[in-house]
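Residue numbers (our numbering): 359 to 532.
Built from N, CA and C at the ideal position, the CB exists for glycine as well.
Input: a single structure, listed below in structure tokens.
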């Protein structure tokens, strides 16, 4: 199978998965939480293994402690997916707040007087408002936030891959 065909197929599948996540954001949010829980658990196991298997590793105690902490977080998220979903939503809200404030400060700092200034400030204000909304609407916002973010990502990746595959196919036929 040609690479352009694979890109188109992957793009269409990603687009369809994104649309499903958009229609069913709660199951998508839970899936994100479970996958994140597994990622923490696996990261913790690997960190613990690295701490005990490599005697030349500096700061083995810290690596091991972080491994244990990651394992605890992973097990907690897998055992309590709804609470994990709320926690991840808080992190998303906090990240939006922090990145929004940084862009507002950047708009009046390094970008002051440039064409980018008001775009930086406006995008920062939007992020801050979205972060405040997500955190203020907890726990209800946790039902859809992660699922919608994953849906948007899958749709964007799907459109990008499909477009790239079609473009690649057209350039080969010229």
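(message) Quick check on DSSP: helix, strand or coil for residue 520?
(response) Looking up residue 520 in the chain shown gives position 162. Helix, per DSSP.
(message) Taking 8 Å as the limit between beta carbons, can you name the residues of its chain near residue 485, skipping five residues before and five after?
(response) Numbered from its first residue, the chain shown carries residue 485 at position 127. Once the five neighbours on either side are set aside, the close Cβ partners of residue 485 are 454, 455, 457, 458, 461.
(request) In the DSSP assignment, find the alpha helix (DSSP H) that holds residue 499 and state where it starts and stops. (result) Sequence index remark: in the chain shown, residue 499 carries index 141 (1-based). Per DSSP, residue 499 belongs to no alpha helix (DSSP H) and is neither H nor E.
(message) Let's see if you can read the secondary structure: which residues bound the alpha helix (DSSP H) around residue 471?
(response) Position 113 of the chain shown, counted from the start, is the residue given in the question as residue 471. Where residue 471 is concerned, there is no enclosing alpha helix (DSSP H), given that its DSSP letter is neither H nor E.
(request) Pair every Cβ in the region 505 to 520 with every Cβ in the region 366 to 379, then say whether three or more of these pairs are closer than 8 Å. (result) yes
(message) Rounded to whole angstroms, what is the Cα-Cα separation between residue 418 and residue 425?
(response) Here residue 418 is taken as the residue at index 60 of the chain shown, counted from 1. Here residue 425 is taken as the residue at index 67 of the chain shown, counted from 1. C-alpha separation (whole angstroms): 10 Å.
(request) Would you kindly work out how many angstroms separate the C-alpha atoms of residue 404 and residue 390, rounded to a whole number? (result) As a working note, residue 404 is residue 46 in the chain shown. As a working note, residue 390 is residue 32 in the chain shown. About 21 Å.
(request) Taking the CB atoms as reference points, tell me whether residue 479 and residue 465 lie closer together than 7 Å. (result) As a first step, residue 479 is located in the chain shown; it is residue number 121 there, counting from the start. As a first step, residue 465 is located in the chain shown; it is residue number 107 there, counting from the start. Contact flag set, yes.
(message) Mapping the DSSP letters down to three states, classify residue 360 as helix, strand or coil.
(response) Stepping through the chain shown from its first residue, residue 360 is reached at position 2. Residue 360: coil per DSSP, three-state reduction.
(request) Could you pull out every residue in the same chain whose Cβ sits closer than 6 Å to the Cβ of residue 436, ignoring the five residues on either side in sequence? (result) Position 78 of the chain shown holds residue 436. Excluding positions up to five away in sequence, the list reads 395.
(message) Let's see if you can read the secondary structure: which residues bound the alpha helix (DSSP H) around residue 406?
(response) Translated into positions along the chain shown, residue 406 becomes position 48. Looking at the DSSP string, the run of the alpha helix (DSSP H) that includes residue 406 is 383 to 411.
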